[in-house]
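A.B. asks: Questions regarding the structure given below will be posed in turn.
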Amino acid sequence: MDIPNLWLAGPELWLAGGAMVLLMIGVFIGEGSTRIVTGLSVALLALAAIAIFWFPQTGEAFHGAFVMDPFARLMKILVLIGAGVAIAMSVGFARRENFARFEYPVLIVLATLGMLLMVSANDMITLYLGLEMQSLALYVIAAINRDSLRSTEAGLKYFVLGALSSGMLLYGSSLVYGFTGHTGFEGIAASMSSGGVSLGLLFGLVFVLAGLAFKISAVPFHMWTPDVYEGAPTPVTAFFAAAPKVAAMAMLIRVVHGAFEPATTEWQQIITFIAIASMGLGAFAAIGQTNIKRLMAYSSIGHMGFALVGLAAGSQAGVSGVVLYMIIYMAMTLGAFACILAMRRADGMVENISDLSGLSRTNPMMALMLTVLMFSLAGIPPLAGFWAKYFVFLAAIQSGLYVLSVIGVIASVIGAYYYLRIVKIMWFDEPEQGFVPMASELRVVLGVSGLFTLFYVLIAGPMSDIATNAARTFF
Amino acid sequence: MGVAALFFYLFATVTVASAFMVIASRNPVHSVLFLILAFFNAAGLFMLTGAEFLALILIVVYVGAVAVLFLFVVMMLDVDFAEMREGFLQYLPIGGIIGIILLVELIFVLGASFVDPQAASVAVQPIPDLAETSNIKAIGDLLYTRYIFFFQLSGIILLIAMIGAIVLTLSHRTDVKRQNIADQVARDPEEAITMHKVKPGEGI
């Protein structure tokens, strides 16, 4: 009997064990344990990220069901940072809004565990279990403010639609298994390249992609996003917008480049369509929004569309573009949500765009940082967001996808309108009552994110190398 | 046509008919009972393919636990299902179209497996051979060795479900009088009983 190489799954085991210990601490200490559990869970995630960074080991474990490679390493570190920052940003909010519960950080740690498994999934079963682990924790987190009607509605809506998408994914996986005889990605790819892509397999591919597109909230599976983003408590929305998107995108990359490599022409059409639809909807639907959380929801739909442009290219440059896009997207999103979490007056949180008016006079520093982030989200050079878009479009053009690139650039220009509108409201409208001073943890997140975005051009070379190194895994 | 085929058609027909009755019957309790009938017949189908363990698990878990829970929910929640079903006809056209599309897809897919001779050949043989060992032993062998990773992951998912249920429903009420067992046990006659001398005809 062979002992599986547990060391490769070290970070996952660490998180799983740690989450259970935290749960025990919370249960035994009771209501007062929220601070300890929150601090320890951030430490847990940080240590896992450091361990992945420190021990660059690669290989497969559990009979090929779990894989650790340079791509997985990078994406896991990204996911862990996203989750850790999201927990840290929730501290002040939880204290003031009365939702301090020790289960919240524990559930985020468990969701992160699911995400790490998604990133490392090399088998349909691992993929599904990782996805369910993440989703189940996210449904609960969305509804965690159970006294609020909107929060519970968001949780329920997310749950029902998520269950539907899981059903589609499972149906697709069962068709793929039926027609290839394998659940492992290598087996599926081998069977496909020797036996060709049959009609049943194609149906399986479509259903699997539909299920995955739901998780990255790409059109036409985006319906849940605005309602869940608006209804869930703001720190939860900040978490939803960052880490799960990165994990789901990493999983999508691995599925199409790992398992469905021989069917590249088939999935390219699907991804191209999803990319165009997401970019278009993200650009137009956000224009009429008045709530900033809803606006960020449409913005994230649009950004997923742009990232998929790189995936549609189907080349190494494309994958490295997507990886880079996700890094920059996460940095910008976390910064933007640090600002949204700081939108707080003496009488409570506000979340309308009009509440930002005249921010440049009441809080110039926050206005400056938010302006940098909005310019970057719109893709204006030389900020980070521009380089993210530049590399995915470059990859698409290198692969001959001219129409897709042109549509992408047009969508980007239209989308710039609503980002610039926020800038205009902050700098040129009459000031309203100012916000209460920003909490220190939000200041740090906003500062780091703003500086990263502003001076990205200085570190663009090393960042591209990191992304290319990760993308080389598949080629 | 052997006895097995006869039973297959019997179980299959009853499964489909009772599945239809689940959505067609007016009384939700009848729906649940039809669901149980469908589970029993599906178990019969499993039995015919030689998967006796799955057949029994289906009855124990789905009929014994899930369906009974359904029945509880249906009886305890005061949901007016007749009212919910009023818009049924209104959604029939679009539902019908989706159903037909799915049916066509199924025919395509299943048709492909009959037409495509390779589909049967790629199917992986069960390990170990089912003729040699019982099916419960085969599952046990694989589940706790080769698939231990998946097994443990499912365990964590169940843990999350449990935490979720507790987070979303448990509330500590402070206005309820609770039993304090330590106090009850520590009571003794000295502090619990007081003696009064009652004069005749007066009361306390």
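For the protein sequence lines, the chains are Y and L, in the order given. First residue of the first sequence? That's 362 in my numbering, and the numbers climb one at a time after it. First residue of the second sequence? That's 415 in my numbering, and the numbers climb one at a time after it. Just so it is clear, CB atoms sit at the ideal spot from N, CA and C, and this is done for glycine as well.
Strictly under 9 angstroms for the Cβ-Cβ distance: is Tyr558 (chain L) near chain Y by that measure?
C.D. replies: Chain Y, which has no Cβ nearer than 9 angstroms to the Cβ of Tyr558 (chain L), makes this no.
A.B. asks: Using beta-carbon positions only, say whether Leu570 (chain Y) and Leu525 (chain Y) come within less than 9 angstroms of one another.
C.D. replies: Their beta carbons are not under 9 angstroms apart, which means Leu570 (chain Y) does not touch Leu525 (chain Y) by this criterion.
A.B. asks: Would you mind listing the alpha helix (DSSP H) stretches within the stretch 556-592 of chain Y that are 4+ residues and don't spill past its ends, in chain order?
C.D. replies: If we require 4 residues or more, the alpha helix (DSSP H) runs fully inside the stretch 556-592 of chain Y come out as 560-576, 585-592.
A.B. asks: Got a sec: is the Cβ-Cβ distance from Tyr505 (chain L) to anything in chain Y below 9 angstroms?
C.D. replies: False, the Cβ-Cβ gap to chain Y never drops below 9 angstroms.
A.B. asks: Give the residues of chain L in contact with Arg705 (chain Y), contact being defined as C-beta atoms less than 8 angstroms apart.
C.D. replies: Within chain L, no residue comes near Arg705 (chain Y); the closest Cβ sits about 25 angstroms away, beyond 8 angstroms.
A.B. asks: State the Cα-Cα distance for the pair Ile511 (chain L) and Val430 (chain L), rounded to the nearest angstrom.
C.D. replies: Spanning the two alpha carbons is a distance of roughly 20 angstroms.
A.B. asks: In this structure, does DSSP put Met429 (chain Y) in helix, strand or coil?
C.D. replies: In this structure, Met429 (chain Y) counts as strand in the three-state DSSP scheme.
A.B. asks: Alpha carbon to alpha carbon, how far is Thr834 (chain Y) from Gln677 (chain Y)?
C.D. replies: Between Thr834 (chain Y) and Gln677 (chain Y), the C-alpha separation is close to 9 angstroms.
A.B. asks: Is there a Cβ of chain L sitting closer than 9 angstroms to that of Phe564 (chain Y), yes or no?
C.D. replies: Closer than 9 angstroms to some Cβ of chain L, the Cβ of Phe564 (chain Y) qualifies, so yes.
A.B. asks: Flag this pair as touching only if the stretch 550-557 of chain Y and the stretch 602-612 of chain Y have three or more C-beta atom pairs under 8 angstroms; answer yes or no.
C.D. replies: Flag = no, the stretch 550-557 of chain Y and the stretch 602-612 of chain Y do not touch.
A.B. asks: State buried or exposed for Phe564 (chain Y), treating a residue as buried only when at least 16 other CB atoms are found within 10 Å of its CB.
C.D. replies: Phe564 (chain Y) is buried by the Cβ-count criterion.
A.B. asks: If you follow the beta strand (DSSP E) that Glu791 (chain Y) is in, where does it begin and where does it stop?
C.D. replies: Glu791 (chain Y) -> no beta strand (DSSP E), and no H or E assigned at all.
A.B. asks: Name the residue from Y:Ile632, Y:Lys437, Y:Leu510 whose alpha carbon lies nearest to the alpha carbon of Gly679 (chain Y).
C.D. replies: Residue Y:Ile632 is the option with its Cα nearest to Gly679 (chain Y).
A.B. asks: Short of 7 angstroms in beta carbon distance, which residues of its chain neighbour Val417 (chain L), apart from the five on each side in sequence? Order them along the chain.
C.D. replies: Answer for Val417 (chain L): no residue qualifies.
A.B. asks: Given a limit of 7 angstroms on CB to CB distance, which residues of the stretch 435-466 of chain L reach chain Y?
C.D. replies: Per Cβ criterion, the list is empty.
A.B. asks: Curious, which full-length alpha helix (DSSP H) runs of at least 4 residues does the stretch 743-830 of chain Y contain?
C.D. replies: Qualifying alpha helix (DSSP H) stretches, in chain order: 745-759, 763-789, 801-815.
A.B. asks: Return the CA-CA distance between Thr814 (chain Y) and Met726 (chain Y), expressed in angstroms with no decimal places.
C.D. replies: Spanning the two alpha carbons is a distance of roughly 15 angstroms.
A.B. asks: Roughly how many whole angstroms lie between the Cα atoms of Ser535 (chain Y) and Glu519 (chain L)?
C.D. replies: So the alpha carbons of these two residues sit roughly 14 angstroms apart.
A.B. asks: From Phe796 (chain Y) to Ile688 (chain Y), what does the alpha carbon distance come to, in whole angstroms?
C.D. replies: Roughly 30 angstroms separates the two Cα atoms.
A.B. asks: Do you know how far the Cα of Val581 (chain L) is from the Cα of Leu717 (chain Y)?
C.D. replies: About 34 angstroms.
A.B. asks: Determine the contact status of Ala370 (chain Y) and Ala412 (chain Y), defining contact as a CB-CB distance below 9 angstroms.
C.D. replies: No. Outside cutoff.
A.B. asks: Relative to the C-alpha of Thr487 (chain Y), which candidate in Y:Gly671, Y:Trp788, Y:His664, Y:Phe427 has its C-alpha closest?
C.D. replies: That would be Y:Phe427, whose Cα lies nearest to the Cα of Thr487 (chain Y).
A.B. asks: Would you report the Cα separation of Phe389 (chain Y) and Val470 (chain Y), rounded to the nearest angstrom?
C.D. replies: So the two alpha carbons sit approximately 19 angstroms from each other.
A.B. asks: Does the beta carbon of Thr473 (chain Y) come closer than 9 angstroms to any beta carbon on chain L?
C.D. replies: No - not a single Cβ of chain L is within 9 angstroms of the one on Thr473 (chain Y).
A.B. asks: Closest by CA to Gly475 (chain Y), which one among Y:Ser660, Y:Lys437, Y:Ile386, Y:Tyr659?
C.D. replies: Out of Y:Ser660, Y:Lys437, Y:Ile386, Y:Tyr659, Y:Lys437 has the C-alpha closest to the C-alpha of Gly475 (chain Y).
A.B. asks: From Ala703 (chain Y) to Ile448 (chain Y), what distance separates their C-alpha atoms?
C.D. replies: Approximately 15 angstroms, taken between the alpha carbons.
A.B. asks: Kindly list, in the order they appear in chain Y, the residues whose Cβ is closer than 8 angstroms to that of Leu483 (chain L).
C.D. replies: By Cβ distance, chain Y contributes nothing, its closest Cβ being about 17 angstroms from Leu483 (chain L), past 8 angstroms.
A.B. asks: Of the residues Y:Gly746, Y:Glu622, Y:Gly682, Y:Ala644, which one's Cα is nearest the Cα of Thr694 (chain Y)?
C.D. replies: Checking every option, the nearest Cα to that of Thr694 (chain Y) belongs to Y:Gly746.
A.B. asks: Take the Cβ of Leu499 (chain Y) as the centre, count every other Cβ of all protein chains shown within 10 Å, and call the residue buried at 16 or more, exposed below.
C.D. replies: Buried, since its Cβ has 16 or more Cβ neighbours within 10 Å.
A.B. asks: If you measure between the beta carbons of Leu477 (chain Y) and Leu384 (chain Y), is that distance less than 9 angstroms?
C.D. replies: Not in contact: Leu477 (chain Y) and Leu384 (chain Y) (Cβ atoms no closer than 9 angstroms).
A.B. asks: Is the Cβ of Ala609 (chain Y) closer than 9 angstroms to any Cβ of chain L?
C.D. replies: Judged by the 9 angstroms Cβ criterion, Ala609 (chain Y) is not in contact with chain L.
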